[in-house]
Amino acid sequence: MATSLFKMPFDIEKTKIRQIYRSEELEQAQVETITCDEMKQIYGELKFDRLHEDRPYTYTSLVTSIDGRIAFTDAPQGPLIAKMNRYDGDGAGADWWILNMLRAVSDGDIIGAGTMNAESDYTAHVFSQELENARIAAGMQPVPWNIISSLDATDIPFDHVLFKTPEVPVMISTSRAGIPVIQEKMKEDYYLVGPVENISQVTDEMIASMKENRDKILVIATGDKAPDSKVALYIMKKFGLDKVLVETPSYMHFLVAQGLMDELFFNYSCIYVGGQALTIGKFGREFGSKDHPHTRMLSIHTHSDHFFYFRHKLIYG
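Numbering (the numbering used here), first residue to last: 20 to 336.
If you want it as structure tokens, here you go:
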């Protein structure tokens, strides 16, 4: 059944992008996702080459300037890197639609507490009614699990609209240190999983209990002072989340450092920023000259000479 969550129309002619490169690997991909006329006309088909047994298949969607900046210093709202492209304003609409497409094919969507603090009405649902309908037709629940990632839950705004919107299923991934914070501040019904120290502690009974309590906010506690991502992702997989979108850049960079990110949908707004403006992973661990991941280009789309859309597959050596 379709949700009553806010939707917006997408003008297909203004939004559609053209594929100019497709890798042989992508030609052989077997994991199908959703399909609908809107998706076919704007993007084409979206398939993945494989899924994992021990964690969800993970990917992100970010828009950057040509020098890798994801925000202006004087106006730090992320979407402005796309919207301030004066030569292709509709390219920003295509960037926003791609994010909605990736939400639509995902079982879960990892968001950061920082985004919740910055946007009081934020929910990671699908803003295209046709894409939401395609999810439902494919046997998926209308809205992907909104998964809040937080070190110790102290930065989570517990009065946020996300906790008060029954149509959005919510999960929190935090550490042992986050448990007392949630016990003190969470007003809604929740079900606690953990603390789980390692994968061997994840049982069929634990997963069955999560499924029985899926109408509540699910709290996964792993690690001591910070979540153990390998364990948390393992629990999510066993719970039934096969594909997960990661919308928070800092956590995405952390997962790359852990070798736990699979793909990067990097949209490229042809503007130059420079200076000290925010870059991806600026506050995380950088890679060295002898130890860094590589990528393989899976596809390239273009909206105009001023906006491109890259799909990278990460390679860990």
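The beta-carbon is built from N, C-alpha and C at its ideal position, and this holds for glycine as well. Predicted model only: the values in this text are computed from it and were never measured.
Sort Leu333, Phe326, Thr321 by Cα distance to Tyr40 and report the nearest one. Thr321
Spatial neighbours of Met27 within its chain, please: CB distance less than 6 Å, with the 5 preceding and 5 following residues excluded, ordered by chain position. Phe146
Does the distance from the C-beta atom of Ile299 to that of Thr83 stay below 9 Å? yes
Would you mind reading off the limits of the beta strand (DSSP E) that contains Arg41? 37 to 41
What whole-angstrom Cβ distance do Pro163 and Asp126 have, given they're in contact under 8 Å? 6 Å
Go ahead and pull the three-state DSSP assignment for Glu186. coil
Pull up the distance between the alpha-carbon of Leu297 and that of Phe306, whole angstroms please. 17 Å
Measuring CA to CA, which of Val250, Met58, Ile53, Gln60 is closest to Phe67? Ile53
Have a look at Asp109, Val215, His331 and flag the residue whose alpha-carbon is nearest the alpha-carbon of Pro246. Val215
What did DSSP end up calling His311 once you bin it into helix, strand or coil? coil
Residue from Asp261, Arg88, Asp208, Asp107 with nearest C-alpha to Phe177: Asp208
Since I believe Asn286 is in contact with Asp109 (beta carbons under 8 Å), could you give me their beta-carbon distance rounded to a whole number of angstroms? Going by Cβ atoms, the distance from Asp109 to Asn286 rounds to 13 Å, so no, they are not a contact pair.
Looking at Ile129: is its Cβ nearer than 9 Å to the Cβ of Tyr270? yes
Apart from the five residues just before and just after Ile290, which ones in its own chain have a Cβ nearer than 6 Å to its Cβ? Ser84, Asn104
State buried or exposed for Pro268, treating a residue as buried only when at least 16 other CB atoms are found within 10 Å of its CB. buried
Ala240 by DSSP, collapsed to three states: which one? strand
Give me the Cα-Cα distance between Gln160 and Ala276, rounded to the nearest whole angstrom. 31 Å
How long is the line joining the alpha carbons of Arg69 and Leu333, rounded to whole angstroms? 13 Å
Closest to Met225 by CA distance: which of Leu170, Gly303, Gly131, Gly213 is it? Gly213
Have a look at His71 and Asp261 and give me their C-alpha separation to the nearest angstrom. 8 Å
Range covered by the alpha helix (DSSP H) that runs through Pro268: 268 to 276
What's the gap between the Cα of Val265 and the Cα of Ala21? 24 Å
Sorted by chain position, which residues of the same chain lie with C-beta nearer than 7 Å to Gly242's C-beta, five sequence neighbours on each side aside? Ser194, Arg195
Among Glu149, Gln202, Ile155, the one whose alpha carbon lies nearest that of Ile175: Gln202
Could you give the distance in angstroms between the alpha-carbon of Pro95 and the alpha-carbon of Ile89? 8 Å
Given Ala172 as reference, the closest of Gly278, Tyr328, Pro199, Pro185 once Cα atoms are compared: Pro199
In chain order, what residues of the same chain have a beta carbon less than 6 Å from the beta carbon of Gly336, not counting five sequence neighbours either side? none
Let me know the secondary structure DSSP gives Gly131 once reduced to three states. strand
Going by DSSP in three states, Thr298 sits in which element: helix, strand or coil? strand
Since Gly110 is in the beta strand (DSSP E), which residue starts that stretch and which ends it? Run containing Gly110: none in the beta strand (DSSP E); it sits in the alpha helix (DSSP H), 108 to 123.
On the CB-based measure, 16 or more other CB atoms within 10 Å of its CB, does Arg37 come out buried or exposed? exposed
With Tyr78 and Phe284 assumed to form a contact (beta carbons below 8 Å), what rounded beta-carbon distance in angstroms separates them? 6 Å
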